[in-house]
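In the numbering used here, the protein residues as written are 4 to 223. Yeah, the Cβ is synthetic: ideal placement off N, Cα and C, and Gly gets one too.
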């Protein structure tokens, strides 16, 4: 059972916001805008499902050398500017209600997302899902999911005044979310139909379609 010594780390795209159909064309456009002509758009098969990896992999694919370190900050700004031109993305059903319950019950939660921060703010504010920027970790500083989930945990310790948590649960819609949780040896809740079978085949034991009529016991 979860309590105030539990930390829940949510992925965002496909987990809290229904933003993947909007966001993938946005990142493809912005990568092209910064001069990348040959872009691998098979994002599901990337080594890391993150904006930083998309930039670094496609930059090297085009120019045969590593991307300048400061280019990710430029991409961060451009992604936010482009995404805000699009209609607001909706929440995953029940996400707002769930996070409001967690706030009311004083159960700590954080966000670990492969997207860059400025676009993430646009998604979260547009969707209406409760957003606490102090516990947001993104791929801006960590290319891998394991890296930014660790960052989310450390930010949560500071924000919520915990030296540690009795239990940590990652929530995500992708196989990569599950594998990161397994690597970190933390619990996992899968969400969404798309990757349900793959998650169960790889060791997922708790899964929900969405958060409609969600009960906290479903965290396992």
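Spatial neighbours of residue i in its chain, beta-carbon cut-off 6 Å, leaving aside the 5 residues before and after
{"i": "residue 39", "result": "61 and 65"}
{"i": "residue 114", "result": "13, 15 and 139"}
{"i": "residue 183", "result": "148, 149 and 152"}
Residues of its chain near residue i, where Cβ-Cβ distance is below 8 Å and the 5 sequence neighbours each way are ignored
{"i": "residue 210", "result": "192, 193, 194, 199, 202 and 203"}
{"i": "residue 94", "result": "19, 20, 21, 130, 131 and 132"}
{"i": "residue 123", "result": "15, 114, 116, 139 and 141"}
{"i": "residue 58", "result": "34, 70, 74, 75 and 78"}
Residue of the options minimising C-alpha distance to residue i
{"i": "residue 141", "options": "159, 118 and 92", "result": "118"}
{"i": "residue 179", "options": "159, 147, 222 and 27", "result": "147"}
{"i": "residue 26", "options": "8, 49, 88 and 6", "result": "88"}
{"i": "residue 100", "options": "215, 207 and 221", "result": "215"}
{"i": "residue 212", "options": "90, 177, 189 and 186", "result": "177"}
{"i": "residue 144", "options": "135, 74 and 174", "result": "74"}
{"i": "residue 108", "options": "157, 57 and 6", "result": "6"}
{"i": "residue 30", "options": "50, 56, 9 and 8", "result": "56"}
{"i": "residue 225", "options": "127, 185 and 186", "result": "Outside the modelled stretch of the chain, which goes from 4 to 223, sits residue 225, for which no answer is possible."}
{"i": "residue 172", "options": "156, 163 and 164", "result": "156"}
CA-to-CA distance, residue j to residue i, given in whole angstroms
{"i": "residue 43", "j": "residue 112", "result": "34 Å"}
{"i": "residue 104", "j": "residue 67", "result": "49 Å"}
{"i": "residue 116", "j": "residue 53", "result": "8 Å"}
{"i": "residue 219", "j": "residue 197", "result": "23 Å"}
{"i": "residue 84", "j": "residue 47", "result": "24 Å"}
{"i": "residue 137", "j": "residue 154", "result": "11 Å"}
{"i": "residue 190", "j": "residue 206", "result": "11 Å"}
{"i": "residue 41", "j": "residue 50", "result": "18 Å"}
{"i": "residue 158", "j": "residue 222", "result": "22 Å"}
{"i": "residue 96", "j": "residue 24", "result": "16 Å"}
{"i": "residue 4", "j": "residue 28", "result": "39 Å"}
{"i": "residue 160", "j": "residue 187", "result": "16 Å"}
{"i": "residue 125", "j": "residue 86", "result": "7 Å"}
{"i": "residue 181", "j": "residue 10", "result": "16 Å"}
{"i": "residue 8", "j": "residue 91", "result": "34 Å"}
{"i": "residue 37", "j": "residue 45", "result": "19 Å"}
{"i": "residue 174", "j": "residue 72", "result": "30 Å"}
{"i": "residue 32", "j": "residue 135", "result": "28 Å"}
{"i": "residue 185", "j": "residue 63", "result": "30 Å"}
Endpoints, beta strand (DSSP E) assigned at residue i
{"i": "residue 173", "result": "170-175"}
{"i": "residue 10", "result": "9-13"}
{"i": "residue 192", "result": "190-194"}
Delimiting residues of the alpha helix (DSSP H) encompassing residue i
{"i": "residue 150", "result": "148-163"}
{"i": "residue 113", "result": "Note, residue 113: premise wrong, no alpha helix (DSSP H); beta strand (DSSP E) at 112-115."}
{"i": "residue 30", "result": "23-36"}
{"i": "residue 57", "result": "54-66"}
{"i": "residue 99", "result": "98-107"}
{"i": "residue 77", "result": "74-86"}
The ligand MN heavy atom lying under 8 Å from the CB of residue i
{"i": "residue 193", "result": "Absence of the ligand MN from the depicted structure is noted, as is the absence of any ligand whatsoever, leaving it without description."}
Spatial neighbours of residue i in its chain, beta-carbon cut-off 7 Å, leaving aside the 5 residues before and after
{"i": "residue 217", "result": "97, 101 and 211"}
{"i": "residue 106", "result": "133"}
{"i": "residue 163", "result": "111"}
{"i": "residue 120", "result": "79, 139, 141 and 143"}
### Message
Counting beta carbon pairs with one atom in the segment 161-179 and one in the segment 74-94, are three or more of them shorter than 8 Å?
### Response
no
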